[in-house]
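Chains as they are written, first to last, in this note's numbering: chain E, 949 to 1028; chain H, 22 to 442.
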């Protein structure tokens, strides 16, 4: 799917610049990057894959739901 | 500055009789000066053609082209050499038409044999719905002033009898033929533009990587390079594949992802494929080079990559698509394969625009179609840099079109998001 920043969806009423950045603008690094992948021919899970775009080495692979849950907990923790 | 003299029949005869000792380098390998009116980052096809047209059409000759490797060593040397103008969307259609017309006069203009071969491009379709789409596309091409012909299966069988017309998955219903489309010698295009620019006083500087872009008070003032600082009145970023990285030096984030696209060439065969044949449904296209190699390619690997090499699943897919379309090529051995790094934009169309920084311009986002745009892109980019106004043939390639939603040019109709083109 592309950059893992796709998981950080702006609020519906966020300014247009924020939505533009979310939908279109990318860091596009040469080196280590985090991406959202869909295990289409397997278990159907969404994954956050940490990968090197120069060597194609896969460094880390996490279930996206766990990454999202962890991020939500952090946000809740910060709010309380 | 004349390094080799112009090419002519007489000159070739003379050199042939005197042991070809009179040929010199085609361009000067320059060392950087302290300051230029214009610095172009990137010595590929688009950068060289921009420099050439700046000097030739606008009299701006105090120009440097900075290349981190060697001239023409990027995508202009790594493509499948196809030239065509078969686009449909307003914005694209007039631009590629403009570029094809420049191709047609290019060799005379440059006095350089780019081996442009207008052998015709055949784009196949495989259903009644696709035929309707092809007719619409063909009409858009004709309305633009370019050529397009609708071919029936009968017409096609006369031109290309070796296709598998009855395949179960994609039976062939016909094709659109653009006779003015074809191929060109990719390296010669870079060399021709390099010589033309160098002759007019442009400094072509190799092994000079840009490491920083200097900006003062919202205005670009120069660049930092591995060969020292260079001051510049205007700077252009024309570095397909690396656009995001260079733009980041100016604090910009681009609507670009870099992807690898693979291509292949077989051993040399006797002439057997006379046209460029595009099999869109199978993600496969093929032509035969003048040396006899079958040059073919397919789709992206579909994940971000800067590796300039692809992986085997895509290789297998391309080979399968080729065998589906024309089983006769199965005995030809693949000689080599390579990958190029593409700037993929969300709508599949390029960007030629100013930036929010005064004097900084960008030409990027060519996806997998940059080669045919080499003369057109340089021509309109030079116009934009010299006059500050967009050329009439390239008014819609705006950097901000994704934010505004205006003039998106999504030829495939799949949407304007990353990973769809």
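Built from N, CA and C at the ideal position, the CB exists for glycine as well.
A Cβ of chain E is located within less than 7 Å of the beta carbon of residue 423 of chain H. Within the DSSP bridge table, the entry for residue 384 of chain H names H:373 as partners. In terms of Cα proximity to residue 163 of chain H, the closest of H:198, H:140, H:139, H:190 is H:198. The secondary-structure analysis by DSSP pairs residue 986 of chain E across a beta bridge with E:994. Of the candidates H:325, H:363, H:429, H:254, H:254 places its Cα closest to the Cα of residue 56 of chain H. Contact of residue 949 of chain E with chain H by beta-carbon distance below 9 Å involves 439, 440. For residue 151 of chain H, the enclosing alpha helix (DSSP H) starts and ends at 149-164.
Sequence-distant Cβ neighbours of residue 267 of chain H in its own chain, meaning closer than 7 Å and more than five residues away, are 62, 231, 258, 260. Where residue 1004 of chain E is concerned, there is no enclosing beta strand (DSSP E), because DSSP gives it neither an H nor an E.
The beta carbon of residue 1002 of chain E falls within 7 Å of a beta carbon belonging to chain H, placing the residue at that interface. Closest in C-alpha terms to residue 112 of chain H, from the list H:429, H:439, H:341, H:420, comes H:429. DSSP places residue 251 of chain H in the uninterrupted beta strand (DSSP E) bounded by 249-258.
Secondary structure of residue 403 of chain H (DSSP, three-state): helix. Residue 50 of chain H and residue 405 of chain H have their C-alpha atoms spaced approximately 27 Å apart. For the pair of segments examined, the region 339-347 of chain H was found not to touch the region 991-1003 of chain E: the number of CB pairs separated by less than 8 Å stays below three. DSSP places residue 359 of chain H inside the beta strand (DSSP E), whose first and last residues are 355-365.
Proximity of chain E to residue 266 of chain H at the Cβ level (cut-off 7 Å) is accounted for by 978, in chain order. Close to residue 972 of chain E, with beta-carbon spacing below 7 Å, are these residues of chain H in chain order: 276, 367, 423.
Taking CB atoms only, residue 394 of chain H has no neighbour in chain E less than 7 Å away.
For the set H:438, H:219, H:347, H:324, the Cα lying nearest the Cα of residue 362 of chain H is the one of H:324. Burial check for residue 29 of chain H: the Cβ neighbour count within 10 Å stays below 16, so the residue is exposed. For the set H:275, H:173, H:416, H:370, the Cα lying nearest the Cα of residue 977 of chain E is the one of H:275. DSSP, read as helix, strand or coil, puts residue 225 of chain H in strand.
The Cβ-Cβ distance between residue 241 of chain H and residue 380 of chain H falls below 7 Å. Nearest C-alpha to residue 1008 of chain E among E:982, E:950, E:1017: E:982. Listed along chain H, no residue sits closer than 7 Å to residue 1007 of chain E by beta-carbon distance, the nearest being about 14 Å off. According to the DSSP assignment, residue 170 of chain H belongs to no alpha helix (DSSP H) but to the beta strand (DSSP E) extending over 170-172.
Looking at H:166, H:143, H:160, H:158, the one whose alpha-carbon comes closest to that of residue 173 of chain H is H:143.
Not a single C-beta of chain E is nearer than 7 Å to the C-beta of residue 389 of chain H. Listed by position along chain H, the residues whose Cβ is nearer than 7 Å to that of residue 981 of chain E are 325. Chain E places no beta carbon closer than 7 Å to that of residue 148 of chain H, leaving this residue out of the contacts.
One finds 976, 978, 1001 in chain E with Cβ atoms closer than 8 Å to the Cβ of residue 279 of chain H, taken in chain order.
In this structure the region 357-371 of chain H does not touch the region 291-300 of chain H; the number of beta carbon pairs closer than 8 Å is below three. Counting along the chain, residue 282 of chain H sits inside the beta strand (DSSP E) bounded by residues 278-289. Burial check for residue 959 of chain E: the Cβ neighbour count within 10 Å stays below 16, so the residue is exposed. Nearest C-alpha to residue 108 of chain H among H:432, H:440, H:383: H:432.
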